[in-house]
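To start, the structure itself, in structure tokens.
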Amino acid sequence: MLITSYRTIVQAQTQTVWDLLLDRIENPRRFQPIIDQSKVLERFPLGVIREMTVDDTVIRERITIELGDYAINSELLEHPLYTGTTFTRIVPTSVQNPMAPVHLEIGLRLELKEKHREGLVEPEEDMEMAIKQELQAIKQQAEELESRETEPVGSEKRFRSPLGGG
9 MLITSYRTIV QAQTQTVWDL LLDRIENPRR FQPIIDQSKV LERFPLGVIR EMTVDDTVIR
69 ERITIELGDY AINSELLEHP LYTGTTFTRI VPTSVQNPMA PVHLEIGLRL ELKEKHREGL
129 VEPEEDMEMA IKQELQAIKQ QAEELESRET EPVGSEKRFR SPLGGG
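To get our numbering, take the position in the sequence shown, counting from 1, and add 8.
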């Protein structure tokens with residue numbers, strides 16, 4: 009079983025990072041270029057079923073959103089090698105100061121499927137590098153958004169929320 013997490017500090021407000029994480033549900037390729045294509049198959053309150061293709065491999069997952077905890081959980085429904093879950097969450101560095109930087113964390117709890125346990129060494133280093141690249145992409149975009157001047161009132165949103173209405 010692979011249980012690990014990766015964390016980075018982001019010099020941006022919680023809402024800015026959260027907006028990017030919601031965008032990542034609909035547009036994962038913006039944050040992880042190894043994804044060839046993705047589509048939302050089903051929507052439900054506070055979540056979606058999403059399918060992605062990476063190198064001709066189909067990955068299907070149930071993504072649920074925890075609004076109050078600024079967390080997004082993903083359960084693998086279809087993957088050729090793994091079963092398990094992942095999470096992405098925002099952890100404030102200060103409760104009193106909303107302008108303080110935040111920690112962005114991605115965690116994994118994955119297990120190789122039975123038929124792949126013998127004679128297969130999954131390149132965990134590749135997975136680690138992909139997760140670190142994704143964290144860096146989210147961090148960079150959030151910090152760039154924060155450094156820009158505030159958008160005028162009534163400007164369009166940067167993305168469509170998977171929850172609808174945006």
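All C-beta atoms in this analysis are idealised placements derived from N, C-alpha and C, irrespective of residue type, glycine included.
Worksheet entry | For residue 11: DSSP bridge partner residues | Per DSSP, the beta bridge partners of residue 11 are 117.
Worksheet item: Among 61, 99, 17, which residue has its Cα nearest to the Cα of residue 74?
Response: 99
Practice prompt. Look at residue 145 and residue 42 and say whether their C-beta atoms are less than 9 Å apart.
Written response: no
Worksheet entry | Span of the beta strand (DSSP E) around residue 28 | It is not in any beta strand (DSSP E) - residue 28 instead sits in the alpha helix (DSSP H) that spans 22-34.
Worksheet item: To the nearest whole angstrom, what separates the beta carbons of residue 112 and residue 89, a pair I think is in contact under 8 Å?
Response: Contact between residue 112 and residue 89 does not hold, since the beta-carbon distance rounds to 26 Å and is not under 8 Å.
Item to complete: Measure from the alpha carbon of residue 31 to the alpha carbon of each residue in 17, 56, 9, then state which is nearest.
Response: Minimum Cα distance to residue 31 is reached at 56.
Item to complete: Can you tell me which of the three DSSP states residue 82 falls into?
Response: strand
Fill in: Range covered by the beta strand (DSSP E) that runs through residue 49
45-52
Worksheet item: For residue 146, which of helix, strand or coil comes out of DSSP?
Response: helix
Worksheet item: CB residue 13 to CB residue 114, shorter than 9 Å?
Response: yes
Worksheet item: Mind checking residue 102: buried by the 16 CB within 10 Å criterion, or exposed?
Response: exposed
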